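Please read the structure below before turning to the comments.
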Amino acid sequence: MPELPEVETIRRELAPWLIGRTVAAADSHPSIKFTPAIEITGATIESVERRGKYLLCGTDDRRELVVHLGMTGSLLPDFPTDEPYVRAWWRFEAGRGPDDLVFRDVRRFGRLRVVDAGDYRSIPTLHTIGPEPLGPDFTPTQLHAALKRSTRRVKTQLLSQRPVAGVGNIYADEACWIARVRPSARTLSKPQATRLHAAIVEVLTTAVANGGTTLRDYRRTDGREGDNQHHLRCYGRGGLPCARCGAGLRTTTLDARTTTWCARCQR
DNA sequence: CCCAACTCCTGGGCGC
DNA sequence: TGCGCCCAGGAGTTGG
């Protein structure tokens with residue numbers, strides 16, 4: 475499921491050829507989730523940025539195409555538009571690079587939106603999203619303060635995108651494990667928040683370097699799998715020994731999300 | 001404002 | 001072999 479590292483990997487692959495291209499034609503699956511694709515017909519892409527798990531494509535007419543990949547979305551250049559699960563596509567005027575880009579999404583949890591540049595009021599999560607975890611505004615003090623604003627479980631708060639942007643189920647479990655923080659904790663001490671901060675930076679940085687985590691559906695734009703699934707130390711390892719203390723990792727359901735943690739060393 | 005519950009989707013894994 | 005069931009899950013929506 476695409477989280478920050480997966481979206482950042484895709485962004486880096488798209489930006490070099492997508493910037494400067496003009497949309498000649500577009501079409502989509504007849505769902506409000508995808509029909510905004512055609513709204514940028516005629517516009518030229520001037521930037522390809524990312525905020526959390528959202529991909530932001532700025533246009534020359536001061537709008538943005540906002541792409542969320544949901545669970546199973548992928549962006550594939552030069553992919554046949556009549557293949558199954560193609561939910562939207564854009565064709566570009568002649569230029570350097572591929573002639574078209576396809577949004578493929580099996581489960582249709584992804585969505586597209588075209589907004590005035592920077593105006594995210596119609597996208598609630600993006601509107602209230604926390605700082606970029608790999609940017610200067612994400613600090614131990616900021617994370618500690620952000621988590622104190624709610625008594626919801628730490629993992630639930632991370633998944634809300636409000637304390638910090640871009641963390642999903644996989645990297646939440648990984649970060650809590652590295653930080654020795656129990657995902658079900660409702661309050662964190664400053665040292666715990668400091669460890670969690672460092673762990674979030676570490677897991678996301680590593681995953682970006684590895685091109686993202688492919689569990690099933692995530693693909694890079696050339697169709698290849700990411701490599702980070704070989705580096706996971708907690709997520710998906712329920713029943714296996716904790717790499718730190720040897721106790722069996724436990725799996726439970728936390729606010730409707732599968733959660734794996736070590737009951738011995740995550741306190 | 002906050003929060004919990006519900007909803008959207010479909011392929012894949014499982015039991016029988 | 002094939003059927004039916006249920007799970008995975010990010011975030012938008014709704015209602016309290």
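Number 741 marks the last residue of the first sequence (my numbering); no jumps.
Just so you know, even glycine gets a beta-carbon here, dropped at the ideal spot from N, CA and C.
These figures come from a predicted structure and were not determined experimentally.
* Per DSSP, the bridge partner or partners of S548 -> R578
* To do: Look at the alpha carbon of G604 and the alpha carbon of T630, and state the distance between them as a whole number of angstroms.
  => 14 Å
* **Contact set for R693: own chain, Cβ-Cβ below 7 Å, skip 5 residues either direction** => S548, E699
* Per DSSP, what kind of secondary structure is H704 in: helix, strand or coil? -> helix
* **CA nearest to the CA of R733, picked from H671, P490, L529, R656** => The sequence given here has Thr at residue 733, not Arg. That would be R656, whose Cα lies nearest to the Cα of T733.
* To do: Measure the C-alpha to C-alpha separation of G569 and R495 and round it to an integer number of angstroms.
  => 7 Å
* Compute the beta-carbon to beta-carbon distance between D574 and R565, rounded to the nearest angstrom, for a pair I have assumed lies under 8 Å. => 5 Å
* **Cα-Cα separation, A517 to A591** => 13 Å
* Measure the C-alpha to C-alpha separation of C531 and I519 and round it to an integer number of angstroms. => 6 Å
* What's the gap between the Cα of P510 and the Cα of K664? -> 44 Å
* By DSSP, does T420 sit in helix, in strand, or in coil? -> Not covered by the structure: residue 420. The range shown for the chain is 475 to 741.
* Asked: Given that a residue counts as buried once 16 or more other Cβ atoms are within 10 Å of its Cβ, and exposed if not, what is S502?
  -> buried
* F583 beta carbon less than 8 Å from that of T546 -> yes
* **Rounded distance between the beta-carbons of F553 and Q578, thought under 8 Å** => Gln is not the amino acid found at residue 578; the sequence shown has Arg there. Right, their Cβ atoms sit about 7 Å apart.
* Compare the beta carbon distance of A750 and I514 with 8 Å and say whether it is the shorter of the two. => With the chain covering only 475 through 741, there is no way to say anything about residue 750.
* Asked: Any contact of the segment 671 to 679 with the segment 639 to 647, i.e. 3+ C-beta pairs under 8 Å?
  -> yes
* To do: Indicate the three-state DSSP secondary structure (helix, strand or coil) for R525 in the structure shown.
  => strand
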